[in-house]
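These protein sequence lines map, in sequence, to chains A and B. All residue numbers for the first sequence refer to our numbering, where the first residue is 1 and numbers rise by one. All residue numbers for the second sequence refer to our numbering, where the first residue is 388 and numbers rise by one.
There are 2 protein chains.
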Amino acid sequence: MSDAAVRPRRRGARERVLDAIRAAEPLSRVELATITGLTEAAVSMTVRRLLDEGIVVESGLAPTAGKPRRLLRLDPAARIAVGVYLDEDTTTYVLTGQTGGVLSRLARPAPDPADPETLSRQVLADVELLFTGAGVERERCLGVGVVWPGPPGGTAQDLGTRLSAATGWPVLVENDATAAAVGEYWVARVGPEQGFAALYMGSGIGAGIVLEGRAMRGGRGNAGEFGHVCVQVDGPQCQCGSRGCLEALAGPRTVVAAALADPVAAAEAGLDPGEPRRSVVADFAAVARAARAGAPRCRALLEDSARYVAAAAESVLNLLDIDLVVLTGPGFAAASFVYGPAIMRRVAVADRLTWQRSVTVTVSLAAATASATGAAALVLQSHLSSR
Amino acid sequence: MSDAAVRPRRRGARERVLDAIRAAEPLSRVELATITGLTEAAVSMTVRRLLDEGIVVESGLAPTAGKPRRLLRLDPAARIAVGVYLDEDTTTYVLTGQTGGVLSRLARPAPDPADPETLSRQVLADVELLFTGAGVERERCLGVGVVWPGPPGGTAQDLGTRLSAATGWPVLVENDATAAAVGEYWVARVGPEQGFAALYMGSGIGAGIVLEGRAMRGGRGNAGEFGHVCVQVDGPQCQCGSRGCLEALAGPRTVVAAALADPVAAAEAGLDPGEPRRSVVADFAAVARAARAGAPRCRALLEDSARYVAAAAESVLNLLDIDLVVLTGPGFAAASFVYGPAIMRRVAVADRLTWQRSVTVTVSLAAATASATGAAALVLQSHLSSR
DNA sequence: ACGAGAAACTTCAGTTGCTTAAGAATGTTA
DNA sequence: TAACATTCTTAAGCAACTGAAGTTTCTCGT
Numbered sequence: 001m002s003d004a005a006v007r008p009r010r011r012g013a014r015e016r017v018l019d020a021i022r023a024a025e026p027l028s029r030v031e032l033a034t035i036t037g038l039t040e041a042a043v044s045m046t047v048r049r050l051l052d053e054g055i056v057v058e059s060g061l062a063p064t065a066g067k068p069r070r071l072l073r074l075d076p077a078a079r080i081a082v083g084v085y086l087d088e089d090t091t092t093y094v095l096t097g098q099t100g101g102v103l104s105r106l107a108r109p110a111p112d113p114a115d116p117e118t119l120s121r122q123v124l125a126d127v128e129l130l131f132t133g134a135g136v137e138r139e140r141c142l143g144v145g146v147v148w149p150g151p152p153g154g155t156a157q158d159l160g161t162r163l164s165a166a167t168g169w170p171v172l173v174e175n176d177a178t179a180a181a182v183g184e185y186w187v188a189r190v191g192p193e194q195g196f197a198a199l200y201m202g203s204g205i206g207a208g209i210v211l212e213g214r215a216m217r218g219g220r221g222n223a224g225e226f227g228h229v230c231v232q233v234d235g236p237q238c239q240c241g242s243r244g245c246l247e248a249l250a251g252p253r254t255v256v257a258a259a260l261a262d263p264v265a266a267a268e269a270g271l272d273p274g275e276p277r278r279s280v281v282a283d284f285a286a287v288a289r290a291a292r293a294g295a296p297r298c299r300a301l302l303e304d305s306a307r308y309v310a311a312a313a314e315s316v317l318n319l320l321d322i323d324l325v326v327l328t329g330p331g332f333a334a335a336s337f338v339y340g341p342a343i344m345r346r347v348a349v350a351d352r353l354t355w356q357r358s359v360t361v362t363v364s365l366a367a368a369t370a371s372a373t374g375a376a377a378l379v380l381q382s383h384l385s386s387r
Numbered sequence: 388m389s390d391a392a393v394r395p396r397r398r399g400a401r402e403r404v405l406d407a408i409r410a411a412e413p414l415s416r417v418e419l420a421t422i423t424g425l426t427e428a429a430v431s432m433t434v435r436r437l438l439d440e441g442i443v444v445e446s447g448l449a450p451t452a453g454k455p456r457r458l459l460r461l462d463p464a465a466r467i468a469v470g471v472y473l474d475e476d477t478t479t480y481v482l483t484g485q486t487g488g489v490l491s492r493l494a495r496p497a498p499d500p501a502d503p504e505t506l507s508r509q510v511l512a513d514v515e516l517l518f519t520g521a522g523v524e525r526e527r528c529l530g531v532g533v534v535w536p537g538p539p540g541g542t543a544q545d546l547g548t549r550l551s552a553a554t555g556w557p558v559l560v561e562n563d564a565t566a567a568a569v570g571e572y573w574v575a576r577v578g579p580e581q582g583f584a585a586l587y588m589g590s591g592i593g594a595g596i597v598l599e600g601r602a603m604r605g606g607r608g609n610a611g612e613f614g615h616v617c618v619q620v621d622g623p624q625c626q627c628g629s630r631g632c633l634e635a636l637a638g639p640r641t642v643v644a645a646a647l648a649d650p651v652a653a654a655e656a657g658l659d660p661g662e663p664r665r666s667v668v669a670d671f672a673a674v675a676r677a678a679r680a681g682a683p684r685c686r687a688l689l690e691d692s693a694r695y696v697a698a699a700a701e702s703v704l705n706l707l708d709i710d711l712v713v714l715t716g717p718g719f720a721a722a723s724f725v726y727g728p729a730i731m732r733r734v735a736v737a738d739r740l741t742w743q744r745s746v747t748v749t750v751s752l753a754a755a756t757a758s759a760t761g762a763a764a765l766v767l768q769s770h771l772s773s774r
């Protein structure tokens, strides 16, 4: 744990300035002063330090009636981060620059997660490969973000500890939805005052919630269990032990199971119930592709799922008073054309009638790989506050 | 990993010290240092300032092996706040000390809220009466909290502006649930690291959510709309324009309507469907009283409502990773004996099986008047951070 | 082409709020 | 009564930020 263990500071000038530039680059110093609420003097000093460190660069002038503004941007190459996404069947690695842009990517079949020793050895080797492949100096790397579909702790936490010990880099472990939310916040340039919920569909459904520029993690790091929002009091039994959870009624696993049980839908999607199953993600994507191509039964399955998802989304929006929903993850990447409109439809009436808000539903730009880039963004985000 | 580095320290010494004393008084300076993470020197200086201002007093010693600890408490009388609760049919005023204890109380029939001029005149006169009745100097008052069952803005905000102009005090306007949550945080000595949801039943259902010692308000001050969490996808139409909202299925208005529609239940509760209705709160309390006395039909109505409330509560707990629920407001004051166990039952299985948490459900000490004392607590809370 | 004006940025001398280090106060115990 | 344990205070220093007063670098009008 090298310089991640730096002492924290109350959300200071550095953090505020970097966050403002991230969200709305390019910016001049005067603009930064008004945005951050700092004095121009403070901004000037802070920016000089950032320039010295090479984190920020001046690029271009903006003419005014007087002295032109000198525009500041993040230098994409100045600092980089590694994101690792341990999916069911694939492990994805990305190397991103400071602005969240992907410099290099690597996908590998997933090693057996049951054996932590081999797992960490494999990940280490792959990360090594990622660096040599991209031809980037390891010194500029800020750390590694590790994401897997599940709560942080256990296997992932263990891997994190091993990686950190072996590489000397700080390693952050997070669940897929939260990572995707942070990634969205980072690369989609969401402002700190804009709260949003990133709904993530992979092999399950989760939500990453970002309020006031900070991801909600909850007491045990389990916040955002969107899949276990109850949408039907006496609904079917869920794996979690409760009843009527969104995931049990409308999660990707349920949709795939329904498609397999319906010969017509299975045929539409090209799924053979007899064959051994591929991953939930792949099967769900097949259903979504079929629906998009016009297959009615697959479409109906998705629409049915979307009704539930929309209801749960509405609950979240009402509970937290949020007006932005981002659909992300491989599931929504494939099926947002159904889920997006469904959420909009569900929310529209009460929005106008009661809440006087207008909810926006967007699809993440790189929804399919949001977890991996989000993992890297976690590292970038955590470095805003330190040093 | 670098979890320690991410922890923000935005709150200043004064706020942290006061908050620690509030949550766990009496405390010595050394204890404060360890709790707040400040150095002993910093605590010493901060405490001296607070002693000078009379906000904190030394009271008693705690023997040690060396020099005894000098215990610090908030001086209850040093600063006071006024809470105003504009209910449907009654306006309640309380005067509280710094520790949240009620110094004086006043209840009045509600004036017509449609006429802001008369309303504010009435409230002003009543507040005046409150002070003279309690024999307290107006100078020590920090401000007025105004609460009503609805979103801040409109009538309430207007009243706030008028009050503030007339009295010179800061006036804070908040919805009932959030105020009750802040009141609970303040009076029940909840620690800042303990997140919780205060479920509030009055004429409707809402939730006040407190995380990291701060009440969630959301983008438009509408956060905590627990009553519009969806618990049934195609449930009945709700006033808000959506379907299947908790409030439409299980809110106090719905319970009362069901009791009136069922001759047996109505008789049990002593409600005459022919008579003009009193307030929802009063009618609901009548149903709850009957149920408590053993009336089976009223009991069944409440149990049915509680099933839905429990499901919605579970959604909130899972979404925010919270393990404390406080039931408050007149509705739960009367009927927590049904709702509390229902929530516990619903949550227990998944808690053990999946989340490894153990949720606590408590009933607010002064649930019936939580809004008014909460209104006053809002003022106290807001004065923690300011100088 | 050149001075006036405008706006962006910088410098500098506080102020604040904390830290570290040392010391004073105030009890217990041998 | 001296030694000790512990709490609290004081003093010096540091880093971040503010306010006010420059300095720079452009445009514009003449």
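For every residue, glycine included, the Cβ atom is placed at its ideal position computed from N, Cα and C. All of these numbers come straight from a predicted model, not from anything done at the bench.
Going by CA-CA distance only, name the one from the options that's closest to residue i.
i, options, result
"B/Gly716", "B/Cys632, B/Asp563 and B/Val667", "B/Asp563"
"B/Glu515", "B/Thr554, B/Arg549 and B/Ala729", "B/Thr554"
"A/Leu51", "A/Thr39, A/Lys67, A/Leu72 and A/Ile35", "A/Leu72"
"B/Ala785", "B/Ser507, B/Gly488 and B/Ser491", "Within the shown structure, residues of chain B are numbered from 388 to 774, placing residue 785 of chain B beyond reach of any answer."
"B/Ser491", "B/Thr542, B/Ala468 and B/Ala512", "B/Ala468"
"A/Thr360", "A/Gly195, A/Glu268, A/Gln381 and A/Arg217", "A/Gly195"
"B/Gly441", "B/Arg527, B/Ala543 and B/Leu419", "B/Arg527"
If the cut is a Cβ gap below 7 Å, which residues of chain B does residue i touch?
i, result
"A/Ala350", "Cys627, Gly628 and Ser629"
Can you check whether the CB of residue j is closer than 8 Å to the CB of residue i?
i, j, result
"A/Ala335", "A/Leu302", "yes"
"B/Gly622", "B/Gly631", "yes"
"B/Gly718", "B/Ala567", "no"
"B/Glu571", "B/Ala585", "yes"
"A/Glu58", "A/Arg69", "no"
"B/Leu425", "B/Arg398", "no"
"B/Leu414", "B/Trp573", "no"
"A/Ser203", "A/Glu88", "yes"
"A/Gly241", "B/Leu740", "yes"
When burial is assigned at 16 or more other CB atoms within 10 Å of the CB, is residue i buried or exposed?
i, result
"A/Ala5", "Note on A/Ala5: pLDDT 23, under 50, position unreliable in the model; the coordinate value appears next. A/Ala5 comes out exposed."
"B/Gln743", "exposed"
"B/Arg435", "exposed"
"A/Asp323", "buried"
"A/Thr36", "buried"
"B/Arg394", "Note that B/Arg394 scores 31 on pLDDT, short of 50, meaning its location in the model is unreliable; the coordinates nonetheless yield the value given after this. B/Arg394 is exposed by the Cβ-count criterion."
"B/Ser702", "buried"
"A/Ser364", "buried"
"B/Ser745", "exposed"
"A/Asp272", "exposed"
"A/Pro149", "buried"
"B/Arg664", "exposed"
Could you give the distance in angstroms between the alpha-carbon of residue i and the alpha-carbon of residue j?
i, j, result
"B/Met588", "B/Ala697", "13 Å"
"B/Ser389", "A/Leu384", "Any reading at B/Ser389 is ruled out, since the residue's pLDDT is 29, under 50, leaving its predicted position unreliable."
"B/Leu704", "A/Val231", "14 Å"
"A/Tyr85", "A/Ala368", "12 Å"
"B/Val642", "B/Arg466", "41 Å"
"B/Glu612", "A/Asp321", "8 Å"
"A/Arg22", "A/Arg220", "29 Å"
"A/Asp351", "A/Ala248", "28 Å"
"B/Arg640", "B/Gly470", "26 Å"
"B/Pro579", "B/Gly530", "23 Å"
"B/Thr451", "B/Ala428", "20 Å"
"A/Val190", "A/Val147", "21 Å"
"A/Ile205", "A/Ala285", "14 Å"
Residue i versus chain A: which residues are under 8 Å apart at the beta carbon?
i, result
"B/Ala610", "Leu319, Leu320 and Asp321"
What in chain A is Cβ-close to residue i, meaning under 7 Å?
i, result
"B/Thr741", "Cys240 and Gly241"
"B/Arg702", "The residue asked about is misnamed: residue 702 of chain B is Ser in this sequence, not Arg. Result: Val229, Cys230 and Ser315."
Residues of chain A with CB under 9 Å from residue i, in chain order?
i, result
"B/Arg607", "Asp321, Asp323, Trp355, Gln356 and Arg357"
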